[in-house]
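Okay, so the sequence shown: first residue is 1 according to the working numbering, each after it adds one.
Note that the Cβ used here is the ideal one computed from N, Cα and C, for glycine as well.
Bear in mind that the values here come from a model prediction, so they are computed numbers and not experimental data.
Just below is one structure, and these are the notes that go with it.
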Amino acid sequence: MTNDKKEYQVIIIGGGPSGIATSLILTAKGISNCVIEAQEQPTRKFGEAIPPNAKPLLKKMGIMHLIENPKHIAYYGNKSCWGSDLLEQKEFLNGIYGHGYLLDRLYFEKQLRKHLKSNSGILLEGYRLKKILNTKKGIEASIQKGNNNTILRSSYIVDATGRKASVCHKLGVVKKNMDTQFAISFKANLIEPIEHQINVEATKNGWWYMAPQHNNELTIMFFTLQELLPEKKLLIPFIRKEMEASLHISKLTKIAKIDFENINVIPSGTSRLDIPYGDNWIAVGDAAFSYDPISSYGITSALASGFYAGHALASQLSNKKDAMLTYRFIIEKAFQAYMEKLSSHYTEENRWKDEPYWKNRFLKKKDRDSVLINFALE
Ligand SMILES: Cc1cc2nc3c(=O)[nH]c(=O)nc-3n(C[C@H](O)[C@H](O)[C@H](O)COP(=O)(O)OP(=O)(O)OC[C@H]3O[C@@H](n4cnc5c(N)ncnc54)[C@H](O)[C@@H]3O)c2cc1C
């Protein structure tokens, strides 16, 4: 077993979109930093839709060229059956930002790591955060790879660990779940090509998401509440029944070969920290706020919060005292806007308003206002 000691101004735990975005900004600002990522090689993650209005941010961050790679496919709108039995089409092309992108997510994660390294970023791959000591002098973090334990010291630690918010958890900071939504996800291969669009359909117990991918692959997910999920052995009959009950998704699945054996069930509701920073730490991406995938906002928000957190940390380290508060204001404003949109979107569907999934879905004004109320109390 070896023990090395290293010092940085900032250490970032998590090498997904939010952690890498934070590091890119810090490095550009001359702040020494290091990203710790548990997975030696990128793994396939859930989520691939980048809406057209993310483009200004991607350009500002200098990563637009990554998305324009032919591995990622352009998508031109949404087809949605929501609020009535009719299938409605929304084309993006008339909007100011043009089309969106359906990412090859695994490739995107590889691209981000490569981009970080070629921009002088430091990425320790295969290292997992084990312990944190947060003292007046700063942070001491123990990271581990196999039998190799290393202690890193820094002024700040960034929680970029995704939905689980592992750094916050270790620091005793609780993340609140506002929803018990889960996604049931499985893969399929298209027998014949479909339009490059996202298909969404509301049903009695939740909603369907379907999007084409590279190489005729198809992403299919059903979103429902944890309390409506059957026990594991009944999952396949449950999902088949839900599929048959859909009006439009069921037609599309007829032209696909579905792999029901490789099903994943993953949390996918809204959750948030009360305050996204504290003494010597800041949270970014899903660790700070996790978004309902109906919004297609997770990846964009992860990149954006990393961008703003990088700026806030650089300012804080040069003694600009309100930098963290400004960060909080920016990301809470975005979360507030999301909650308003989420609530109005779920309200549009009232065919099953007394069913458990749809009942009071984000209709409570106190949920939507909680961000601003907290802020006003400060
Ligand atoms: C079902 C589903 C569908 C989705 N669909 C979309 C979509 O269509 N569009 C969209 O924009 N978003 C979507 N999302 C959300 C999107 O994928 C996330 O918002 C995004 O990945 C968040 O990025 P992040 O960097 O914050 O976290 P992550 O991408 O989760 O990265 C966190 C990283 O931290 C590492 N890590 C964790 N713990 C440790 C530790 N202890 N030590 C070291 N490293 C650690 C992990 O290995 C991981 O690489 C979806 C999410 C789900 C669940």
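Which residues bound the beta strand (DSSP E) around residue 138? 138 to 145
Three-state secondary structure assigned by DSSP to residue 13: strand
Looking at the structure shown, is residue 257 part of a helix, part of a strand, or coil, going by DSSP? strand
If we ignore side chains and look at the alpha-carbon of each, how far apart do residue 153 and residue 344 end up? 45 Å
Quick one: what's residue 224 bridged to in DSSP? 182
Taking 7 Å as the threshold (C-beta atoms), are residue 52 and residue 100 in contact? yes
Determine the burial state of residue 338: buried for a count of at least 16 other Cβ atoms within 10 Å of its Cβ, exposed for fewer. buried
Identify which residue in 360, 303, 149 has its Cα closest to the Cα of residue 36. 149
Apply the 10 Å Cβ neighbour rule to residue 388 and answer buried if 16 or more other Cβ atoms are within range, or exposed otherwise. Shown here, the chain extends from 1 to 378; a query on residue 388 therefore has no answer.
Quick check: is any heavy atom of ligand 1 less than 6 Å from the C-beta of residue 166? yes
Locate the beta strand (DSSP E) running through residue 150, then write down its first and last residues. 148 to 154
Within 10 angstroms of its Cβ, does residue 174 collect 16 or more other Cβ (buried), or is it exposed? exposed
Under 6 Å: does the beta carbon of residue 271 sit that close to some heavy atom of ligand 1? no
Just to confirm the assignment, what range does the alpha helix (DSSP H) spanning residue 391 have? Here the chain comprises residues numbered 1 to 378, so residue 391 is not present and cannot be evaluated.
Burial state of residue 329 (16 or more Cβ within 10 Å): exposed
Assign residue 372 to one of three DSSP states: helix, strand, or coil. In this predicted model, residue 372 has a pLDDT of only 47, less than 50, meaning its place in the structure is not dependable; the value taken from the coordinates is given anyway. In the structure shown, residue 372 sits in a helix (DSSP, three-state: H, G or I).
Is residue 70 buried or exposed, if buried means 16 or more other CB atoms sit within 10 Å of its CB? exposed
So, for residue 257: in the same chain, excluding its five sequence neighbours on each side, which residues have a beta-carbon less than 7 Å away from its beta-carbon? 188, 189, 191
How would you write the range of the beta strand (DSSP E) that residue 268 sits in, first residue to last? No beta strand (DSSP E) holds residue 268; DSSP gives it neither H nor E.
Assign residue 128 to one of three DSSP states: helix, strand, or coil. strand
Using CA atoms only, rank isn't needed, just tell me which of 341, 159, 210 is closest to residue 278. 159
I need the straight-line Cα distance from residue 90 to residue 239, nearest angstrom please. 27 Å
Considering only C-alpha positions, which residue in the set 228, 296, 177 is nearest to residue 380? Past the boundaries of the shown model lies residue 380; the chain is included only from 1 to 378, so the question cannot be answered.
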